[in-house]
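Novice: Pasting a structure here, questions to come.
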Amino acid sequence: VQAAIMAPINNKLSIRGTFITGNMDGNDDRYDDWRPKRSFAFKTTVTEVSAMVQWEFRGQQWERAENEIYTDNYKIKRYKILSPYVFAGVGYLNNKLEREMDGIDSVYFYGDRAWELYDEEKNKVYKSGMLVVPFGIGTHVLISPSVRLFAEYTYHFLANDYLDGYATAVYSSKPDAYQSFTIGIDFRLLKHNALRKNQVCYWGL
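Numbers in this note's numbering are just positions in the sequence shown, counted from 1, shifted up by 5.
As structure tokens, this is what we get:
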């Protein structure tokens with residue numbers, strides 16, 4: 006689930022506040038190799054609040070585009086149906102984590118990191134709050150002067166290996182991250198004035 010509110014700085018640049026919540030899980034038993042013998046599993050509910058800047062390649066398009074054509078002395082304004090954008094920012098992530106570690110085959114993993122550090126990992130409590138850096142790309146699809154569809158992809162980068170709750174007994178040289186793909190609707194709330202018809206702010210779901 007995602008919700009956002011945005012206010013433009015100029016025709017192409019906006020500031021954006023975004024709220025995201027959702028569930029993730031992983032389980033070694035889903036694999037056909039050695040992982041079921043380790044049998045680690047986790048599930049979590051993540052809640053992210055972030056502040057971002059967003060750049061609209063074609064500008065803030067809600068009604069008509071700036072380019073015009075003339076036909077028999079009539080001026081026609083072309084609609085730009087698609088309006089791509091990029092965004093990036095920083096935020097806070099709350100990680101409500103549950104782990105399962107009781108099914109490990111201690112004989113199979115004897116001498117391995119997963120067993121040698123098993124007790125330390127099982128008794129370790131990771132912080133639920135962490136810094137997240139979301140960035141991504143998307144596009145608006147113009148529907149009406151006050152409504153747009155949008156589709157966007159976001160990569161959420163973390164500066165640690167704590168998202169799945171395994172950073173001691175399971176070694177990884179890369180920090181954790183997760184991805185999201187969102188399809189939703191933008192609603193324009195306000196305008197600068199009736200003639201210019203530039204939005205003051207809008208929110209999306």
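Think of the CB as a built atom: it goes at the ideal place given N, C-alpha and C, for glycine as much as any other residue.
Treat the numbers as computed from the prediction; the structure is a model and nothing was measured.
#1: Would Phe162 and Val146 qualify as a contact pair, given that the criterion is a beta-carbon distance under 9 Å?
#2: Hey, Ala46 and Gly31: beta-carbon distance below 9 Å or not?
#3: For Arg96, tell me which candidate among Arg193, Pro13, Gly189, Arg21 has the shortest Cα-Cα distance.
#4: Rounded to a whole number of angstroms, what is the C-alpha to C-alpha distance between Gly94 and Ser178?
#5: Closest to Asp107 by CA distance: which of Phe92, Asn100, Tyr123, Lys101 is it?
#6: Count the other CB atoms, across all protein chains shown, that sit within 10 Å of the CB of Gln184; report buried if there are 16 or more and exposed otherwise.
#7: Whole angstroms are fine: how far does the CA of Val130 sit from the CA of Leu98?
#8: Please classify Tyr75 as buried or exposed, where buried requires at least 16 neighbouring CB atoms within 10 angstroms.
#9: Which runs of the alpha helix (DSSP H), 4 residues or longer, sit entirely within the region 115-195?
#10: Output the distance between the C-alpha atoms of Glu105 and Asp169, rounded to the nearest integer angstrom.
#11: Tell me, which residues are paired with Ile109 by DSSP?
#12: Can you give me the C-alpha to C-alpha distance between Arg193 and Arg35, rounded to a whole angstrom?
#13: If Gln7 and Gly189 are in contact, beta carbons under 8 Å, what's the gap, nearest whole angstrom?
Specialist: From the atom records:
#1: no
#2: yes
#3: The sequence shown places Gly at residue 96, rather than the Arg named in the question. Nearest of Arg193, Pro13, Gly189, Arg21 to Gly96, Cα basis: Arg21.
#4: 24 Å
#5: When only C-alpha atoms are compared, the closest one is Tyr123.
#6: exposed
#7: C-alpha separation (whole angstroms): 16 Å.
#8: Residue placement at Tyr75 is poorly supported in this model, since its pLDDT is 48, which falls under 50; the coordinates still yield a value, given next. The residue in question, Tyr75, is exposed, as its Cβ has fewer than 16 Cβ neighbours within 10 Å.
#9: 118-121, 123-127
#10: 11 Å
#11: BP columns for Ile109 are empty, so no partner.
#12: 44 Å
#13: 7 Å
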